[in-house]
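Start counting the sequence shown at 126; every next residue gets the next number (the working numbering).
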Amino acid sequence: MAFQKAVKGTALIGGGAIATVFGLSQFSEYRNKHGALAQVQAAEGAPVRKDHLPTREQQILALQSGGEFDVLVIGGGATGCGCALDAATRGLKTALLERDDFSSGTSSRSTKLIHGGVRYLQKAIMKLDFEQYRMVKEALEERAHLLQSAPHLSAPLPIMLPIYKWWQLPYYWVGIKLYDLVAGSQCLKSSYVLTKSRALELFPMLRKDKLVGAIVYYDGQHNDARMNLAIALTAARYGAATANYAEVRHLLKTTDTGSGRQRVCGVRCRDVLTGKEFDVRAKCVINATGPFTDSVRKMDDQEVPNICQPSAGVHIVMPGYYSPDNMGLLDPATSDGRVIFFLPWEKMTIAGTTDSPTDVTSHPIPTEEDINFILSEVRNYLGADVEVRRGDVLAAWSGIRPLVTNPDSKDTQSISRNHVVTVSDSGLITIAGGKWTTYRAMARDTIDAAIQEHNLKAGSCKTMGLQLEGAQDWSPTLYIRLVQDYGLESEVAQHLASTYGDKAFEVAKIAQVTGKRWPIVGKRLVSEFPYIEAEVVYGVKEYARTAVDMISRRTRLAFLNVQAADEALPRIVDIMGKELNWCEQKKKEQLETAKTFLYYEMGYKVKTDQLTDSSEISLVPSDIERYKKRFRMFDKDKKGFITILDVQRVLESISVQMDENTLHEILNEVDLNKNGQVELNEFLQLMSAIQKGRVSGSRLAVLMKSAEENLRRREAIPVDRSGGGL
Numbered sequence: 126m127a128f129q130k131a132v133k134g135t136a137l138i139g140g141g142a143i144a145t146v147f148g149l150s151q152f153s154e155y156r157n158k159h160g161a162l163a164q165v166q167a168a169e170g171a172p173v174r175k176d177h178l179p180t181r182e183q184q185i186l187a188l189q190s191g192g193e194f195d196v197l198v199i200g201g202g203a204t205g206c207g208c209a210l211d212a213a214t215r216g217l218k219t220a221l222l223e224r225d226d227f228s229s230g231t232s233s234r235s236t237k238l239i240h241g242g243v244r245y246l247q248k249a250i251m252k253l254d255f256e257q258y259r260m261v262k263e264a265l266e267e268r269a270h271l272l273q274s275a276p277h278l279s280a281p282l283p284i285m286l287p288i289y290k291w292w293q294l295p296y297y298w299v300g301i302k303l304y305d306l307v308a309g310s311q312c313l314k315s316s317y318v319l320t321k322s323r324a325l326e327l328f329p330m331l332r333k334d335k336l337v338g339a340i341v342y343y344d345g346q347h348n349d350a351r352m353n354l355a356i357a358l359t360a361a362r363y364g365a366a367t368a369n370y371a372e373v374r375h376l377l378k379t380t381d382t383g384s385g386r387q388r389v390c391g392v393r394c395r396d397v398l399t400g401k402e403f404d405v406r407a408k409c410v411i412n413a414t415g416p417f418t419d420s421v422r423k424m425d426d427q428e429v430p431n432i433c434q435p436s437a438g439v440h441i442v443m444p445g446y447y448s449p450d451n452m453g454l455l456d457p458a459t460s461d462g463r464v465i466f467f468l469p470w471e472k473m474t475i476a477g478t479t480d481s482p483t484d485v486t487s488h489p490i491p492t493e494e495d496i497n498f499i500l501s502e503v504r505n506y507l508g509a510d511v512e513v514r515r516g517d518v519l520a521a522w523s524g525i526r527p528l529v530t531n532p533d534s535k536d537t538q539s540i541s542r543n544h545v546v547t548v549s550d551s552g553l554i555t556i557a558g559g560k561w562t563t564y565r566a567m568a569r570d571t572i573d574a575a576i577q578e579h580n581l582k583a584g585s586c587k588t589m590g591l592q593l594e595g596a597q598d599w600s601p602t603l604y605i606r607l608v609q610d611y612g613l614e615s616e617v618a619q620h621l622a623s624t625y626g627d628k629a630f631e632v633a634k635i636a637q638v639t640g641k642r643w644p645i646v647g648k649r650l651v652s653e654f655p656y657i658e659a660e661v662v663y664g665v666k667e668y669a670r671t672a673v674d675m676i677s678r679r680t681r682l683a684f685l686n687v688q689a690a691d692e693a694l695p696r697i698v699d700i701m702g703k704e705l706n707w708c709e710q711k712k713k714e715q716l717e718t719a720k721t722f723l724y725y726e727m728g729y730k731v732k733t734d735q736l737t738d739s740s741e742i743s744l745v746p747s748d749i750e751r752y753k754k755r756f757r758m759f760d761k762d763k764k765g766f767i768t769i770l771d772v773q774r775v776l777e778s779i780s781v782q783m784d785e786n787t788l789h790e791i792l793n794e795v796d797l798n799k800n801g802q803v804e805l806n807e808f809l810q811l812m813s814a815i816q817k818g819r820v821s822g823s824r825l826a827v828l829m830k831s832a833e834e835n836l837r838r839r840e841a842i843p844v845d846r847s848g849g850g851l
């Protein structure tokens, strides 16, 4: 009864607020429907899409041709690739240069949400800020477009907002209903209120005490790096000369004969892979470099003031059992006023994000402080029976948001995600700020500004309604054909369909025969993930040129489990070495670079730091004796340490086979001083860290416990314990 009264009261309180927004929303809806219709019709007049994807070598030759491009984009993130796609589909001769890999920066390190921004709508209403409202409205429209343009890479996701105080129910209900209303016809699904029992049924991990109920609303979710790559590949198919590992050294300028002013007319570029430098000339140069916006602007004018204020956001990945398969969680007000999302993604769970000022760097590193802050907030919302362990953090990363500076702001949290397009005196176009969801609108505004500033001959934007790489012939049941036609595992087939769309057949065609009855084709890179070796070969065709490209952006292994990525690296390097003709030295360099990437940028360091030489052993005496006894079962010679030979001997005694490389990896995880052996003190530190939840999933600990149990079962039963006998 109390719950029903609260809902009725909520409706009365929310009515007035909804009415104030309704007229504005309806007008905006009418205007955008007609605008969208015109743009969809315009998309039909886009240039012909190529069936064949040019190789990177062909793209470099196109850049070196000496001809003048209409538009040259610097930056291969979502916005830069969006600009290239927008320009190319308008018939402009387009080039794009990225000094690293496509989506190597912020665009691959997001929360994986396609959303309008519930908190921005809250600010818009509370502060009567029309600009914030417009930003949310635009983002919700772009959310719908993104879900339609790449349905294989994105999908609606219900997100639960648990309520622990009765007065919060009407407050949040009004806000979420306004969110639906602003979306208008683009609303994914209508939000709804849940009773406490129903909320716990859908999200059984939730903290039960004081739970009043919950509100569920819908946003979108996507595979961000693959989405970014799909935009880049689509631009290439429409004729854009796109190249990763092409670094801009400086801007080229010429003197305008009419005005006498210096004008940007291109860039000096270096092919990072070969070291060769060359000029690329263009009528218009666009700076779409995200956090590095100001560094490119200073190439144009050293005296120009900074317009970006970078903010670091850390995310962590935990096992999938921490969240339901298809329900996210939103904590709207953390202990320090931030917003934390807790979302299922790729059968794992993402939690984040933090928000703190940072320096601009190409290699942001997650800190232990940020990881523990996220874990602490997660513990506040999960039940006491769910132990949130530090050792369950499988990966962690930091992304740098390129927020536009507001001189009146004291911290980055109050800065809007609005984007700005600026034109310098020399004609350099800069697009800064914004958010992932609105990349297409940002690109549209940028190219519109470029056309106006440089008098380029092109029509209106044609990207509304344009399908991205892999979307054209995709269907939700496409994976069934992959299983039936090629003999792939169902899990692998679903993964390929949701990653490559209709291009999944091209991957399946080059998949190796397993030699098993089932699956017929598709050798996995690691057993617990559906990534197969054929994806590495196909990834090279998608412009992957380093092992880091493969583990982090063509596959998402590094973002899902750093240890699994580390295990897959040798095989990935071998396959890429064959495709790219790497010598042994090159393969060794690639392996080391990728391991360094995992160690620092993907949280492997903070994970391994949980077990160090100085780790405290906090075990009770009985546990110490138990673990010493287990250790001595392997250390038969009483050396005080165990080696691979000791482990192999015990495994052979219980008829378990394990190759030497795997055993070396298992021991290396615990071998703190890296002397090729695990000492008793190191083993006790490991068991202590496991008990405290700082370490989980230790293969050595599981292996030794399993071997001990097997050996006990095989021991002969003494006569006196069997009841005597003759």
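Where a beta carbon is used, it is the ideal one built from N, C-alpha and C, also for glycine.
Q. What are the start and end residues of the alpha helix (DSSP H) that includes HIS620?
A. Taking the sequence shown and counting its residues from 1, the one referred to as residue 620 is at position 495. Counting along the chain, the alpha helix (DSSP H) containing HIS620 begins and ends at 615 to 625.
(Q) Just to check my reading of the structure: VAL341 and GLY300 have Cβ atoms closer than 8 Å, yes? What is that Cβ distance to the nearest angstrom? (A) Counted from its first residue, the sequence shown places residue 341 at position 216. Counted from its first residue, the sequence shown places residue 300 at position 175. About 13 Å; that fails the 8 Å criterion.
(Q) So for ALA163, helix, strand or coil by DSSP? (A) Taking the first residue of the sequence shown as position 1, residue 163 is located at position 38. Per-residue confidence for ALA163 stands at a pLDDT of 40, beneath the threshold of 50, marking its modelled position as unreliable; no derived number is given.
Q | Opening and closing residue of the beta strand (DSSP E) in which MET285 lies | A | Start at 1 with the first residue of the sequence shown, and residue 285 comes out as number 160. Segment 279 to 288, the beta strand (DSSP E) holding MET285.
Q | Buried versus exposed, by CB contacts within 10 Å (16 or more), ARG774 | A | Here residue 774 is taken as the residue at index 649 of the sequence shown, counted from 1. Exposed, since its Cβ has fewer than 16 Cβ neighbours within 10 Å.
Q. Can GLU193 and ARG386 be called in contact, C-beta distance under 7 Å?
A. As a first step, residue 193 must be located in the sequence shown, where it is residue number 68. As a first step, residue 386 must be located in the sequence shown, where it is residue number 261. No, they are not a contact pair.
**Q.** Bridge partner(s) assigned by DSSP for SER523
**A.** As a first step, residue 523 is located in the sequence shown; it is residue number 398 there, counting from the start. Its beta-bridge partners are VAL439.
Q | Simplified DSSP state of MET567, which is helix, strand or coil | A | In the sequence shown, the residue the question calls residue 567 occupies position 442. In this structure, MET567 counts as helix in the three-state DSSP scheme.
(Q) Quick check on HIS757: does DSSP put it in helix, strand or coil? (A) The residue you call residue 757 lines up with position 632 of the sequence shown. The question names His, but residue 757 is Arg in the sequence shown. Looking at ARG757 - three-state DSSP - the assignment turns out to be helix.
Q. Pairing CB atoms from the segment 351 to 361 with CB atoms from the segment 372 to 379, are three or more of them under 8 Å?
A. no
Q.
Whole angstroms are fine: how far does the CA of ILE288 sit from the CA of GLN577?
A. Mapped onto the sequence shown, residue 577 falls at position 452. Mapped onto the sequence shown, residue 288 falls at position 163. Rounded to the nearest angstrom, the two C-alpha atoms are 50 Å apart.
Q. With 16 other CB atoms within 10 Å as the buried threshold, where does CYS390 fall?
A. Here residue 390 corresponds to residue number 265 of the sequence shown, with the count starting at 1. That one is buried.
(Q) So, for ALA826: in the same chain, excluding its five sequence neighbours on each side, which residues have a beta-carbon less than 7 Å away from its beta-carbon? (A) As a first step, residue 826 is located in the sequence shown; it is residue number 701 there, counting from the start. LEU811, MET812 and ILE815, listed in sequence order.
Q) For ASP699, does the three-state DSSP call read helix, strand or coil? A) For the purposes of this step, residue 699 is taken as the residue at position 574 of the sequence shown. Three-state DSSP puts ASP699 in a helix.
**Q.** Where PHE467 falls: helix, strand or coil (DSSP)
**A.** As a first step, residue 467 must be located in the sequence shown, where it is residue number 342. In this structure, PHE467 counts as strand in the three-state DSSP scheme.
Q) Taking buried to mean at least 16 other C-beta atoms within 10 Å of its own C-beta, is CYS409 buried or exposed? A) Numbered from its first residue, the sequence shown carries residue 409 at position 284. Per the 10 Å Cβ criterion, buried.
Q) Are the beta-carbon atoms of SER439 and PRO491 separated by less than 7 Å? A) Along the sequence shown, read from residue 1 onward, the residue named residue 439 stands at position 314. Along the sequence shown, read from residue 1 onward, the residue named residue 491 stands at position 366. In the sequence under discussion, the amino acid at residue 439 is Val, which differs from the Ser named in the question. A contact, by the Cβ cut-off of 7 Å.
**Q.** Alpha carbon of PHE227 to alpha carbon of LYS401, nearest angstrom
**A.** Position 102 of the sequence shown, counting from 1, holds the residue named residue 227. Position 276 of the sequence shown, counting from 1, holds the residue named residue 401. Each residue's alpha carbon lies about 20 Å from the other.
(Q) To the nearest angstrom, how far is the alpha carbon of SER823 from that of LEU519? (A) The count along the sequence shown starts at 1 and reaches residue 823 at position 698. The count along the sequence shown starts at 1 and reaches residue 519 at position 394. Answer to the nearest angstrom: the Cα atoms are 12 Å apart.
Q: State the Cα-Cα distance for the pair ARG332 and ALA413, rounded to the nearest angstrom.
A: Within the sequence shown, residue 332 is the residue found at index 207, counting from 1. Within the sequence shown, residue 413 is the residue found at index 288, counting from 1. Their backbone Cα atoms lie some 43 Å apart in a straight line.
Q. Name the DSSP bridge partner or partners of HIS488?
A. In the sequence shown, counting from the first residue as 1, residue 488 sits at position 363. Per DSSP, none; premise fails for HIS488.
Q: With TYR297 as the anchor, note down where its alpha helix (DSSP H) starts and where it stops.
A: What you label residue 297 is simply residue 172 of the sequence shown in a count that begins at 1. Unbroken alpha helix (DSSP H) run through TYR297: 293 to 308.
Q. Under a three-way DSSP split, which group does PRO276 fall into?
A. Taking the sequence shown and counting its residues from 1, the one referred to as residue 276 is at position 151. Correct three-state label for PRO276: coil.
Q. Which two residues bound the contiguous beta strand (DSSP E) that contains HIS347?
A. Translated into positions along the sequence shown, residue 347 becomes position 222. It spans 338 to 347 - the beta strand (DSSP E) in which HIS347 sits, taken as one unbroken run.
(Q) Classify PRO489: buried if its beta carbon has 16 or more other beta carbons within 10 angstroms, exposed otherwise. (A) Start at 1 with the first residue of the sequence shown, and residue 489 comes out as number 364. Classification of PRO489: buried, given that the 10 Å Cβ count is 16 or more.
Q: Pull up the distance between the alpha-carbon of SER615 and that of TYR604, whole angstroms please.
A: What you label residue 615 is simply residue 490 of the sequence shown in a count that begins at 1. What you label residue 604 is simply residue 479 of the sequence shown in a count that begins at 1. Approximately 7 Å, taken between the alpha carbons.
**Q.** Three-state class that DSSP yields for GLU359 in the structure shown
**A.** Taking the first residue of the sequence shown as 1, we reach residue 359 at position 234. According to the sequence displayed, residue 359 carries Thr and not Glu. In the structure shown, THR359 sits in a helix (DSSP, three-state: H, G or I).
Q) Looking at C-alpha atoms only, which residue of ASN786, ALA568, PRO746 and SER549 is the closest neighbour of THR214? A) For the purposes of this step, residue 214 is taken as residue 89 along the sequence shown, with counting starting at 1. Minimum Cα distance to THR214 is reached at ALA568.
Q. Do ALA636 and GLY647 come within 7 Å of each other at the CB atom, strictly closer than that value?
A. By 1-based counting over the sequence shown, the position of residue 647 is 522. By 1-based counting over the sequence shown, the position of residue 636 is 511. In this structure, ALA636 lies closer than 7 Å to GLY647 by Cβ.
Q | Limits of the unbroken beta strand (DSSP E) element including LEU240 | A | Your numbering for residue 240 matches position 115 in the sequence shown. In the sequence under discussion, the amino acid at residue 240 is His, which differs from the Leu named in the question. It is not in any beta strand (DSSP E) - HIS240 carries neither H nor E in the DSSP assignment.
**Q.** Top-ranked residue by Cα proximity to ASN115, from ILE749, GLY818 and ASP762
**A.** In the structure as shown, the chain starts at 126 and stops at 851, and residue 115 therefore has no counterpart that could be examined.
Q. Within this structure, are the beta carbons of TYR278 and GLN346 separated by less than 7 Å?
A. As a working mapping, residue 278 is identified with position 153 in the sequence shown. As a working mapping, residue 346 is identified with position 221 in the sequence shown. For clarity, residue 278 is Leu in the given sequence; the question names Tyr instead. No, they are not a contact pair.
**Q.** Cβ-based neighbour list, SER549, same chain, cut-off 6 Å, excluding 5 preceding and 5 following
**A.** For the purposes of this step, residue 549 is identified with residue 424 of the sequence shown, where counting begins at 1. Counting only Cβ-Cβ distances below 6 Å, and skipping sequence neighbours, we find ASP425.
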